[in-house]
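Take a look at the structure below.
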Amino acid sequence: MKFRFCIVLFLCWIVSSCATWYQRTAAFQDAVSKGEFEQAEKLLQKDKKQARDKNKILYYLNQGYVEFMLGHYEKSNQAFEIAEQLTEDQQRNLLTEAAVLISNPEIRPYRPEDFEVIMINFYKALNYLQLNNMEDALVEVRKINIRLQQLNDKYPDHKNRYQRDAFAQLLMGLIYDAAGDYNNAFIAYRNAYNTYQTDYLKNFGLAAPEQLEKDLLRTAYQSGLTQELAGYEKEFQQKYTPAPLPANGQLVFFWLNGFGPVKAEWGITFTKIDKGDGVIVFHNEELGLTFPFFWGNGYSENDRNSLANIDVVRVVFPKYVERPRPFTQGVISYDGKNYTLQMAEDINQIAFKTLHDRMLRELSNSLLRVGIKQGLKYATSKQNEWLGLAVSLTNAITEKADTRNWQTLPYSISYARVPLQASENNIELKFSGNHPGTQDLQKLTIPANGKRTRFFVYTTL
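Structure below.
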């Protein structure tokens, strides 16, 4: 009777531990989604334990975001600097990794997805731009493609569709452009355009923004690159006409829209096929996935016997759940003209595609481990009903997907370039969605930055 009572208590523990990371941080997410960033900051301050345990990278990512939204740009960068250092210092812990082979990934320190690592440098660059520090902003943008190369070098087959970041290259061009370095701006714009037209269009369905084409033509002209200018005029089917620089500089307006996806858990069922001669195959017909294995010297006789007891294996893996963006279109109205905010980074799409790529890489590591565990459960239950239940419950709690992720990232990033005509400039923002009545109208006064470029960030939640 006492054993049965322990089983019931254990079952209650399992139910409580099966909540996703989003559900476990609901209070913080609710404050952020309502724009209550002072409250979000207080919740982080109360949860100092997170800053010391396996989730400390997520703690500093969230702190950096909240300070950014509060306009505390230096404090934001301090938090992001810690998060960046933690990602760089993360070394494979052999003991922890060994435990993961028989347990679940959430017992180890959180390892950000590749695109999350890159977004740290993006936010640091935005912070420096708000502090009018273009030199350090440029340093952060340069880091992005270096970090991407380092991240992709981890994969022997390089099966990752997110290998270059077009928006990072675009942002680099915008910063060089603002500094008057038109030759380097042209090079960065050209790199961005090439990445959009190859990687981004193919993998994420996102083509080069029209504003990028205009800036590419202009900087080619300003750099005296007549051959390149003629080539792009032909490609874009438009003739470049030189125009005088605006008297009060320009506005580069970034629009961070909505929130990126959150992680949940899902299961995939595979059929085991014994091919003989030590070869077995796990196959999922619906997804068209096949993983062959050879029983070499790395597996014990007990492992082989356990796997012989089953014909079907079910593995769990994180999946992204999209959070619909509040608006799909944004327009700036100024001085009698409209400037469309053009999408330059679809973080939602990048998240889904990179997780899919990781799933294919890691499934083979999970399948055999889970099959052995499930076979052990089956064999034990045949010997003793209650002991079999205990093993089954243990498997349930240890076979769990890691649903942690950086949940304050935007759904997408769009931008526009606006020539300013006065020292104080009144602009009107119009946002709309796919459904009638999904509209918002905001008015802002933006001071010019002398004759230089003013970078401005606006967020819709």
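The sequence shown runs -21 to -1, 1 to 440 under mature numbering (1 follows the signal peptide of the UniProt record, and there is no 0).
Glycine is no exception: its CB is placed at the ideal position from the N, C-alpha and C atoms.
None of these values were measured; they are calculated from a predicted model.
Cut-off 7 angstroms between Cβ atoms - residues of its own chain near residue i, not counting five sequence neighbours on either side
i: Glu214; result: none
i: Asp314; result: Gln400
i: Glu189; result: Gln321
i: Thr269; result: Val260, His262
i: Leu130; result: Asp93, Val96
i: Leu191; result: Leu149, Tyr168, Ala171, Tyr172
i: Ile154; result: Met113, Ala116, Leu117, Val120
Bridge partners - residue i, DSSP secondary structure assignment
i: Glu264; result: None; Glu264 has no bridge partner.
i: Ser312; result: Asn317, Glu407
i: Phe232; result: Ala395, Phe435
i: Glu324; result: Ile392
i: Thr269; result: His262
i: Arg293; result: Thr248
Burial state of residue i, where buried means 16 or more other Cβ atoms lie within 10 Å
i: Lys316; result: exposed
i: Asp68; result: exposed
i: Gly429; result: exposed
i: Lys422; result: exposed
i: Trp365; result: The predicted position of Trp365 is uncertain, since its pLDDT is 48 and thus under 50; a value taken from the coordinates is nonetheless stated next. Trp365 should be labelled exposed.
i: Lys27; result: exposed
i: Gln2; result: exposed
i: Asp253; result: exposed
i: Trp234; result: buried
i: Lys298; result: buried
i: Lys103; result: buried
i: Phe273; result: exposed
i: Ser343; result: exposed
i: Gly152; result: buried
i: Lys122; result: buried
i: Ala5; result: exposed
i: Glu265; result: exposed
i: Gln328; result: buried
i: Val292; result: buried
i: Ala395; result: buried
i: Ile(-15); result: With a pLDDT of only 48 at Ile(-15), under 50, the local geometry of the prediction cannot be trusted, and no value is derived from it.
i: Leu339; result: exposed
i: Leu208; result: buried
Sequence-distant residues of the same chain with beta carbon closer than 6 angstroms to residue i, five excluded per side
i: Trp385; result: Leu40, Glu95
i: Met48; result: Phe16
i: Lys193; result: none
i: Asn404; result: Ile425
i: Tyr437; result: Trp234
i: Phe146; result: Ala323, Glu324
i: Leu108; result: Ala116, Phe434
i: Val310; result: Asn317, Thr319, Lys409
i: Asn413; result: Thr307
i: Tyr179; result: Ala145, Leu185
i: Cys(-10); result: At Cys(-10) the pLDDT is 46, less than 50, meaning the model places this residue with poor confidence; the figure from the coordinates comes in the next sentence. Result list for Cys(-10): empty, nothing under 6 angstroms.
DSSP three-state assignment for residue i, whether helix, strand or coil
i: Ala222; result: coil
i: Phe101; result: helix
i: Thr387; result: coil
i: Ile252; result: strand
i: Lys54; result: helix
i: Pro88; result: coil
i: Arg304; result: coil
i: Glu244; result: strand
i: Tyr107; result: helix
i: Lys35; result: helix
i: Glu193; result: In the sequence as displayed, the identity of residue 193 is Lys instead of Glu. Looking at Lys193 - three-state DSSP - the assignment turns out to be helix.
i: Phe238; result: coil
i: Lys28; result: helix
i: Tyr299; result: strand
i: Asp336; result: helix
i: Gly184; result: coil
i: Gly43; result: helix
i: Thr4; result: coil
i: Glu95; result: helix
Contact set for residue i: own chain, Cβ-Cβ below 8 angstroms, skip 5 residues either direction
i: Arg383; result: Trp(-1), Asn34, Leu37, Glu85, Tyr89, Lys242
i: Arg126; result: Val96, Ile97, Asn100
i: Leu440; result: Val11, Ser12, Lys13, Gly14, Gly237, Phe238, Pro305
i: Ile326; result: Phe94, Met98, Gly239, Leu388, Pro389, Tyr390, Ser391, Ile392
i: residue 442; result: Here the chain comprises residues numbered -21 to 440, so residue 442 is not present and cannot be evaluated.
Beta carbon proximity, residue i to chain C, threshold 8 angstroms
i: Tyr1; result: Although the question refers to chain C, the structure presented lacks it and comprises just one protein chain.
Distance cut-off 7 angstroms: residue i Cβ against heavy atoms of the ligand MN
i: Asp314; result: In the structure on display, the ligand MN does not appear, and there are no ligands present to speak of.
query: Which residue spans inside the segment 399 to 437 form an unbroken beta strand (DSSP E) run of at least 3?
result: 403 to 411, 418 to 426
message: What ranges does the alpha helix (DSSP H) occupy inside the segment 140 to 175, keeping only unbroken runs of at least 4 residues that lie completely in it?
response: 145 to 157, 161 to 174
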